[in-house]
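Residues 2 to 53 in the working numbering are what the sequence shown spells out, letter by letter. Reviewing the structure listed below.
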Amino acid sequence: MRLHGIFNLINQLVEPFITPLSETYAYPQLILPPEASCKRYEALCSAEEAAE
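See below:
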């Protein structure tokens, strides 16, 4: 076993257990699936070309 593996095992034993958050968030459900739109990216690229 390598030294890094030994350090990893020791850290797993020494570090405290982190309890998961009890609060859950109710995010709104998507009605329509997201769609990619390249219009903004193309506008940024054309603005950079115009600036040069």
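Where a beta carbon is used, it is the ideal one built from N, C-alpha and C, also for glycine.
task = Please report the residue range of the alpha helix (DSSP H) in which F8 lies.
result = As a working note, residue 8 is residue 7 in the sequence shown. Counting along the chain, the alpha helix (DSSP H) containing F8 begins and ends at L4 to V15.
key: Per-residue DSSP class, three states only, for C39   = As a working note, residue 39 is residue 38 in the sequence shown. Of the three classes helix, strand and coil, the one that applies to C39 here is coil, per DSSP.
Reference E16; option with closest CA among F8, P34 and S23 = The count along the sequence shown starts at 1 and reaches residue 16 at position 15. Ranking F8, P34 and S23 by Cα distance to E16 puts F8 first.
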